[in-house]
Amino acid sequence: MADTTQMDKLVSLCKRRGFIFQSSEVYGGLGSVWDYGPLGVELKKNVKDRWWRAMVHARDDIEGLDAAILMHPKVWEASGHVSGFTDPLIDCRQCKNRFRADDARIKGTPGTPDAQCPVCGSKGTLTEPRLFNLMFKTFMGPVEDSAAVVYLRPETAQGIYVNYLNVLQASRQRIPFGIAQIGKAFRNEITPGNFIFRTREFEQMEMQFFVKPGTDAAWFERWREWRMAWHHELGLNPAKLRWHEHAGNELAHYARAAFDIEYEFPFGWNEIEGIHNRGDFDLGRHQEHSGKKLEYFDQAANERYLPNIVETSAGADRVTLTTLVDAYREEEVEGETRVVLGFHPSVAPIKAAVLPLVKKDGMPELATEVYHDLRRRFHCFYDDSGAIGRRYRRMDEAGTPFCVTIDGETLAGRTVTVRHRDSMAQDRVALEQLLPFIRERIGA
Ligand code: GAP
Numbered sequence: 000m001a002d003t004t005q006m007d008k009l010v011s012l013c014k015r016r017g018f019i020f021q022s023s024e025v026y027g028g029l030g031s032v033w034d035y036g037p038l039g040v041e042l043k044k045n046v047k048d049r050w051w052r053a054m055v056h057a058r059d060d061i062e063g064l065d066a067a068i069l070m071h072p073k074v075w076e077a078s079g080h081v082s083g084f085t086d087p088l089i090d091c092r093q094c095k096n097r098f099r100a101d102d103a104r105i106k107g108t109p110g111t112p113d114a115q116c117p118v119c120g121s122k123g124t125l126t127e128p129r130l131f132n133l134m135f136k137t138f139m140g141p142v143e144d145s146a147a148v149v150y151l152r153p154e155t156a157q158g159i160y161v162n163y164l165n166v167l168q169a170s171r172q173r174i175p176f177g178i179a180q181i182g183k184a185f186r187n188e189i190t191p192g193n194f195i196f197r198t199r200e201f202e203q204m205e206m207q208f209f210v211k212p213g214t215d216a217a218w219f220e221r222w223r224e225w226r227m228a229w230h231h232e233l234g235l236n237p238a239k240l241r242w243h244e245h246a247g248n249e250l251a252h253y254a255r256a257a258f259d260i261e262y263e264f265p266f267g268w269n270e271i272e273g274i275h276n277r278g279d280f281d282l283g284r285h286q287e288h289s290g291k292k293l294e295y296f297d298q299a300a301n302e303r304y305l306p307n308i309v310e311t312s313a314g315a316d317r318v319t320l321t322t323l324v325d326a327y328r329e330e331e332v333e334g335e336t337r338v339v340l341g342f343h344p345s346v347a348p349i350k351a352a353v354l355p356l357v358k359k360d361g362m363p364e365l366a367t368e369v370y371h372d373l374r375r376r377f378h379c380f381y382d383d384s385g386a387i388g389r390r391y392r393r394m395d396e397a398g399t400p401f402c403v404t405i406d407g408e409t410l411a412g413r414t415v416t417v418r419h420r421d422s423m424a425q426d427r428v429a430l431e432q433l434l435p436f437i438r439e440r441i442g443a
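Put into structure tokens, the structure is as follows:
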């Protein structure tokens, strides 16, 4: 059963501590669009940096790309999105609410007098399902006519396909090789929800790996293994991660095979990343619609072919939500509830907080020096207000792995207390060793 209490607590913590706010809140909010506050933007950036590091910097066979959000409208005809990126939609003529046709709350057959609206309860007011395209449209230039229509991209992948020969030639890569991209995507989802899980504006971290036909199945298996390992290395609880294989009737129009990595959220098991064997569908369609040859010439073998593509596609917001859900815990400590975000140190928004024990005896001055020294290397926070216990609790809620306390002994013997977020244990560390002590533990 869905644990809505845990999600409610997390949503409220995210607002209170500045992780995530509702978009345009002063105007009552905008449906399923969210803004990242000071801690949220750091967390999401750290997730994206880890992905970029693993996919681009740590490999010789993947190049980065940042393609534009707006693309030639023919791209979306070729990709199948204009004709096929649709959900069946039902309207209630009475209350004007909209539903997906497969909404389990609908009683009866929509379009007939016995069908009942799940929101206002009216009978006979539900329309027959009609296909609704999920792409957002806008106009390019001053004239708002059908010739000027452009779309906000619903996935980043197409920017990679239409650039693949440019990247190949510029980087002097050879097949097998990949192109990685992080960027915004937009979908006019009919039933968004569960906080930042399904939104209308989101970010994707996608990689398209171009391989020789016939080797696609083996590469697909390799990429499945590597991508699951990445989520484990992010510190996510392995017991809450699993595979979901798409059965024939679930497969997207472009896919030969597809597996989702799912996480067990409080609202159930749900997809956070998809790994797809797309065969030659994409390059074949772009070759056909553009009239340009997109084949690869393998000089060594003296052969020409249209590469197959293995895609890994993760949502940056979904993975960020996963790190929050996975990290959230409440503990009883000395009769009080301690709320902790036990992030993996590499994604924690703040790596260390510097806290003078009291606001006198030269402690704030020395603490400021230590703070300035540490923040040259990673994101830190300085806090001198309130009792030390309360300051520790505030940092626990923000997910800060280390609190460095400047006390009387620091002044006398140049050592500090380093308090660990998860165990609450404290180490005495020489001031000169503080930077390497923290760097070693956060992997920076
Ligand atoms: N290029 C393939 C593709 O876009 P997808 O399964 O539709 O495949 C891939 O999306 C990933 O993008 C999903 O696993 C999810 O993490 C993220 N995603 C998709 N729709 C989303 C939405 N409305 N809100 C947030 N993330 C979304």
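With numbering that gives the first Met the number 0, letter number 166 in the sequence shown gets 165, and the count goes up by one each step, no holes.
Built from N, CA and C at the ideal position, the CB exists for glycine as well.
Owing to the predicted nature of the structure, the values given are computational and were not obtained by experimental measurement.
Query raised in the report: How far does the beta strand (DSSP E) with Phe516 in it reach, from first residue to last?
Result: The structure shown does not extend to residue 516, since the chain is modelled only from 0 to 443, so the question has no answer here.
Query raised in the report: Once you ignore the five residues that flank Asn307 on each side, which residues in its own chain have a CB closer than 6 Å to its CB?
Result: Position 308 of the sequence shown, counted from the start, is the residue given in the question as residue 307. These residues qualify, in order along the chain: Val210, Pro212, Asp215, Gly278 and Asp279.
Requested in this report: Counting only runs of 4+ residues fully inside the region 52-123, write out the alpha helix (DSSP H) ranges in chain order.
Outcome: Fully enclosed alpha helix (DSSP H) runs of 4 or longer: 72-77 and 80-83.
Query - Nearest-angstrom Cα separation, counted from Gln157 out to Asn96 - result: Residue numbering aside, residue 96 sits at position 97 when the sequence shown is read from its first letter. Residue numbering aside, residue 157 sits at position 158 when the sequence shown is read from its first letter. One C-alpha to the other measures close to 33 Å.
Query raised in the report: When you compare only the Cα positions, how much space is there between Pro153 and His378?
Result: Your numbering for residue 153 matches position 154 in the sequence shown. Your numbering for residue 378 matches position 379 in the sequence shown. His378 has its alpha-carbon roughly 33 Å from the corresponding atom of Pro153.
Query raised in the report: Helix, strand or coil: which one does DSSP assign to Gln432?
Result: For the purposes of this step, residue 432 is taken as the residue at position 433 of the sequence shown. DSSP places Gln432 in helix when its eight states are reduced to three.
Query raised in the report: In whole angstroms, what is the alpha-carbon distance linking His245 and Asn301?
Result: Within the sequence shown, residue 245 is the residue found at index 246, counting from 1. Within the sequence shown, residue 301 is the residue found at index 302, counting from 1. Taking the straight line joining both Cα atoms gives about 37 Å.
**Report entry** Inter-residue Cα distance where the pair is Glu76 and Arg328
**Finding:** Residue 76 sits at position 77 when you count from the first residue of the sequence shown. Residue 328 sits at position 329 when you count from the first residue of the sequence shown. Going by the C-alpha atoms only, they are around 46 Å apart.
Query raised in the report: Any heavy atom of the ligand GAP within a distance shorter than 7 Å of the CB on Ala156?
Result: For this step, residue 156 is matched to residue 157 along the sequence shown. Yes, Cβ of Ala156 sits closer than 7 Å to a heavy atom of the ligand GAP.
Query raised in the report: Counting along the chain, where does the alpha helix (DSSP H) carrying Ala156 start and finish?
Result: Along the sequence shown, one-based indexing puts residue 156 at 157. The continuous alpha helix (DSSP H) containing Ala156 extends over residues Ala156 to Tyr160.
Query - Cα-Cα separation between Arg49 and Thr404, rounded to whole angstroms - result: Taking the first residue of the sequence shown as position 1, residue 49 is located at position 50. Taking the first residue of the sequence shown as position 1, residue 404 is located at position 405. For the pair Arg49 and Thr404, the Cα-to-Cα distance works out to about 29 Å.
Requested in this report: Taking the CB atoms as reference points, tell me whether Lys44 and His288 lie closer together than 8 Å.
Outcome: For the purposes of this step, residue 44 is taken as the residue at position 45 of the sequence shown. For the purposes of this step, residue 288 is taken as the residue at position 289 of the sequence shown. No, Cβ-Cβ distance for Lys44 and His288 is not below 8 Å.
**Report entry** 6 Å Cβ shell around Met139 - same chain, five flanking residues per side excluded
**Finding:** Within the sequence shown, residue 139 is the residue found at index 140, counting from 1. Exclusion of the five residues before and after Met139 leaves Ala147 and Val149 as the residues of its chain whose Cβ lies within less than 6 Å of its Cβ.
Query - Helix, strand or coil at Ala352 [DSSP, three-state] - result: By one-based count along the sequence shown, residue 352 stands at place 353. Three-state result, Ala352: strand.
Query - Sub-8 Å separation of Gly398 and Ala352 beta-carbons - result: Taking the sequence shown and counting its residues from 1, the one referred to as residue 398 is at position 399. Taking the sequence shown and counting its residues from 1, the one referred to as residue 352 is at position 353. In this structure, the beta-carbon distance from Gly398 to Ala352 does not fall below 8 Å.
Query - Spatial distance of Arg58 from Asp360 (CA atoms) - result: Stepping through the sequence shown from its first residue, residue 58 is reached at position 59. Stepping through the sequence shown from its first residue, residue 360 is reached at position 361. Computed Cα separation, rounded: 51 Å.
Requested in this report: May I have the straight-line CA-CA distance separating Glu408 from Tyr391, to the nearest angstrom?
Outcome: Locating residue 408 in the sequence shown gives position 409, where the first residue counts as 1. Locating residue 391 in the sequence shown gives position 392, where the first residue counts as 1. Cα to Cα, the separation comes out at about 19 Å.
Query raised in the report: Apart from the five residues just before and just after Pro363, which ones in its own chain have a Cβ nearer than 7 Å to its Cβ?
Result: Locating residue 363 in the sequence shown gives position 364, counting from the first residue. Within the same chain, Pro363 has close Cβ partners Pro355 and Asp383.
Query - Where Asn193 falls: helix, strand or coil (DSSP) - result: As a working note, residue 193 is residue 194 in the sequence shown. Coil, per DSSP.
Query - Beta-carbon proximity of Val46 to Ala315, cut-off 8 Å - result: Counting from one through the sequence shown, the residue named residue 46 turns up at place 47. Counting from one through the sequence shown, the residue named residue 315 turns up at place 316. Yes, they are a contact pair.
Query raised in the report: Among Glu224, Asp65, Pro128 and Asp281, which one has its Cα closest to the Cα of Gln203?
Result: Stepping through the sequence shown from its first residue, residue 203 is reached at position 204. Comparing Cα positions, the closest option is Asp65.
Requested in this report: Indicate the three-state DSSP secondary structure (helix, strand or coil) for Lys292 in the structure shown.
Outcome: To locate residue 292, count along the sequence shown from 1; it is residue 293. Residue state, collapsed to three classes: coil.
**Report entry** Cβ-based burial, Pro400 [other Cβ within 10 Å; buried from 16]
**Finding:** Taking the sequence shown and counting its residues from 1, one reaches residue 400 at position 401. When all chains shown are included, Pro400 counts as buried.
Query raised in the report: Taking 8 Å as the CB-CB cut-off, is Ala103 touching chain D?
Result: The structure shown contains no chain D; it is built from a single protein chain.
**Report entry** Ordered list of alpha helix (DSSP H) runs contained in the region 2-46, each at least 4 residues
**Finding:** Those alpha helix (DSSP H) runs which fall completely within the region 2-46 and span 4+ residues are 3-15.
Report task. Report the residue from Thr3, Gly30, Gly28 and Asp34 whose alpha carbon sits nearest the alpha carbon of Cys13. Result -> Mapped onto the sequence shown, residue 13 falls at position 14. For Cys13, the closest of Thr3, Gly30, Gly28 and Asp34 by C-alpha to C-alpha distance is Asp34.
Report task. Tell whether a beta-carbon distance below 8 Å holds between Met206 and Ile260. Result -> Here residue 206 is taken as the residue at index 207 of the sequence shown, counted from 1. Here residue 260 is taken as the residue at index 261 of the sequence shown, counted from 1. Going by C-beta atoms, Met206 is not nearer than 8 Å to Ile260.
Query raised in the report: DSSP state of Val142, grouped into three classes?
Result: Within the sequence shown, residue 142 is the residue found at index 143, counting from 1. Secondary structure at Val142: coil, using DSSP grouped into helix, strand and coil.
Requested in this report: Run the CB neighbour count on Asp281, radius 10 Å, all protein chains shown included, and call it buried at 16 or more, exposed below.
Outcome: Position 282 of the sequence shown, counted from the start, is the residue given in the question as residue 281. Its Cβ being crowded by 16 or more others within 10 Å, Asp281 is buried.
Query - Secondary structure of Thr214, DSSP reduced to three states - result: Translated into positions along the sequence shown, residue 214 becomes position 215. Coil, per DSSP.
Query raised in the report: Taking 7 Å as the cut-off, does the CB of Ser453 come closer than this to any heavy atom belonging to the ligand GAP?
Result: Examination of residue 453 is not possible in this model, given that the chain is present from 0 through 443 alone.
Report task. Classify Gly442 as helix, strand or coil using the three-state DSSP reduction. Result -> Numbered from its first residue, the sequence shown carries residue 442 at position 443. Coil, per DSSP.
Report task. Look up Val346 in the DSSP assignment and say whether it is helix, strand or coil. Result -> Working through the sequence shown from its first residue, we reach residue 346 at position 347. The answer is coil: DSSP assigns Val346 none of H, G, I, E or B.
Requested in this report: Could you tell me the boundaries of the alpha helix (DSSP H) in which Asn276 lies?
Outcome: Counting from 1 along the sequence shown, the entry for residue 276 is found at position 277. Looking at the DSSP string, Asn276 is not in any alpha helix (DSSP H); the run it does join, the beta strand (DSSP E), is Gly267 to Gly278.
Report task. Under 8 Å by Cβ, that's how I've got Ala429 and Arg413 pegged, so tell me the actual separation to the nearest angstrom. Result -> Here residue 429 refers to the residue found at position 430 when the sequence shown is read from its first residue. Here residue 413 refers to the residue found at position 414 when the sequence shown is read from its first residue. About 6 Å separates the CB atoms of Ala429 and Arg413; that is less than 8 Å, so the two are in contact.
Query raised in the report: I think Ser78 touches Arg199, with their Cβ atoms under 8 Å apart; what is that distance to the nearest whole Å?
Result: Sequence index remark: in the sequence shown, residue 78 carries index 79 (1-based). Sequence index remark: in the sequence shown, residue 199 carries index 200 (1-based). Not quite, the Cβ-Cβ distance comes to about 19 Å (not below 8 Å), so this is no contact.
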